[in-house]
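Here the structure is laid out as structure tokens; the discussion comes afterwards.
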Amino acid sequence: MKRLINRLCIGMLVVGAIQACKQSDIAPIVNDGVAPGAVTGVTVTNLSGAATLKYSLPSDPDVLYVTAVYKTKQGVERETKVSYYNNTITVVGFADTDPYEVKLYAVDKGGNISQPTSVTVNPLIPPYKVVRNSLKAIANFGGIDVSFQNATEADIAMVVIAPNALGDFTTLNTNYTTLKQGMFMTRDLKAEETKFGVYVRDRWGNISDTLNVTLTPIYEERLDRTKMKALVLQTNTDSPTGYGGSIAGLFDGSLTGGMYHTGDAGRMPQWFTYDMGVSAKLSRMSWWMRQGFYYNLHSPRKVEIWGSNNPSPNGSFDGWVKLTDYEQIKPSGLPNGQLSTADNDAANAGETITIPLDAPKVRYIRFKTLSNWSSGTYVQIFEIAMWGNPQ
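full-length UniProt numbering applies: residue 1 is where the sequence shown begins, and numbers increase by one.
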């Protein structure tokens, strides 16, 4: 018993010593009331809408970080901080190429601030203006397409505006991107001459001037899904499909009901074929993935869309023309099983394939899957919709 008591006492002493050390480690730092010296030897490298400043730290041993401060033309103060482990700091968000004064301060562990070191930066043309200068807008089926270049992969938003019934410009569409280049669509517009505007803004609230264009969207309508049905051909994959799916499920108007799902015999590449019930010059089509399995498992990833007016009854590709190739891109780029808000929003809206303007008028569609998201052999789709001009 005595030995046990001794062990307990020793254990309590050890724990007490450890706790004392921990408390010492996190104890408030003593403020010596002395400001550190100023940063010195500053050199400037001007960047697109930004500038990188390289400097030497003061010799004070208690320096904690360096902060850079500048004011926008509207008088808004912006600040960037880096720890004492760095000797460079990048200031960002400049709206133009005018000269700006940037003040650098060293701050110590007690919160004491050094005298400022002032430098002048001359940012290069900011990304949002570079993107604005690259914008091109053209009319397309049901709306307009806007193409852009974004060499620095800046985080920007492109906004399409047009007059409402009262003549006031309102937002039709906002496209957020960090892509180097691309094109985005604004759809469901009337086929009438319209004045459109497109401008660019960045994450600091800088806004470009507006690209003004007058365009007439090409007439399109959503084709009647109730007229669409399977076209059974010899080379189709699992028609009718396995696992309770059928091509009819693609056109039932439900994103949770009927579906298309291939069976165990399927191999890549594979395809299914359907009759739209009407010959049309197509503008676009959309498909919807299975909820809960977005960008995963059996959802198509790389596909080809083929069209025909007189398909060969033997199931070959005789009499077919490839309308377009397409690869589904996950907006966030996250690994399988991980989804961002942008991923969910895009999936809920449906994956849209634009059909080229020079594509011929067709009645029959062959959806050919080259690969899915799991590198497996199954294909699963819950709904398909088609748009175009049947006239």
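C-beta: ideal position from N, C-alpha, C; glycine also.
1. Taking P127 as part of the alpha helix (DSSP H), name the residues at either end of that continuous run.
2. Considering only C-alpha positions, which residue in the set R363, D168, L124 and L166 is nearest to T152?
3. Among M276, S332 and F148, which one has its Cα closest to the Cα of G388?
4. Cβ of V321 versus every heavy atom of the ligand ZN: is any distance shorter than 7 angstroms?
5. Using 8 angstroms as the cut-off, can you tell me whether the stretch 271 to 291 makes contact with the stretch 358 to 371, which would need three or more C-beta pairs spanning the two stretches below that distance?
6. How close, in whole Å, do the beta carbons of residue 416 and K129 come, if the pair is a contact with beta carbons under 8 angstroms?
7. Hey, quick one: how far does the alpha helix (DSSP H) through residue 473 stretch, first residue to last?
8. So who's on the other strand from T97, going by DSSP bridges?
9. Using a Cβ-Cβ cutoff of less than 7 angstroms, which residues in the same chain neighbour Q115 once the five nearest sequence positions on both sides are dropped?
10. Could you give the C-beta distance for G315 and Q234, rounded to a whole number, given that I count them as a contact under 8 angstroms?
11. Quick one: using the 10 Å Cβ neighbour count with 16 as the cut-off for buried, is A95 buried or exposed?
12. Exposed or buried, what is Q142 when buried is set at 16 or more other beta-carbons lying within 10 Å of its beta-carbon?
13. Using three-state DSSP, classify T216 as helix, strand or coil.
14. With three or more C-beta pairs closer than 8 angstroms as the rule, is the stretch 56 to 65 touching the stretch 104 to 122?
15. Taking only three categories from DSSP, how would you classify S251?
16. Buried or exposed: which applies to A165, given that a residue is buried once 16 or more other Cβ atoms fall within 10 Å of its Cβ?
Checking against the coordinates, here is how it stands:
1. P127 to S134
2. Answer by Cα proximity: L124.
3. M276
4. The ligand ZN is not part of the structure shown, which contains no ligands of any sort.
5. yes
6. What is shown of the chain runs 1 to 391, which leaves residue 416 out entirely.
7. This structure gives no information on residue 473, because the portion of the chain shown stretches from 1 to 391.
8. According to DSSP, which records beta bridges pairwise, T97 is partnered with nothing at all.
9. Within the same chain, Q115 has close Cβ partners A38.
10. That belief holds up - the Cβ atoms of G315 and Q234 are roughly 4 angstroms apart, short of 8 angstroms.
11. That one is buried.
12. Reading the sequence as shown, one finds Gly at residue 142 and not Gln. G142 is buried by the Cβ-count criterion.
13. coil
14. yes
15. The sequence shown places Phe at residue 251, not Ser. Note: F251 maps to helix in three-state DSSP.
16. exposed
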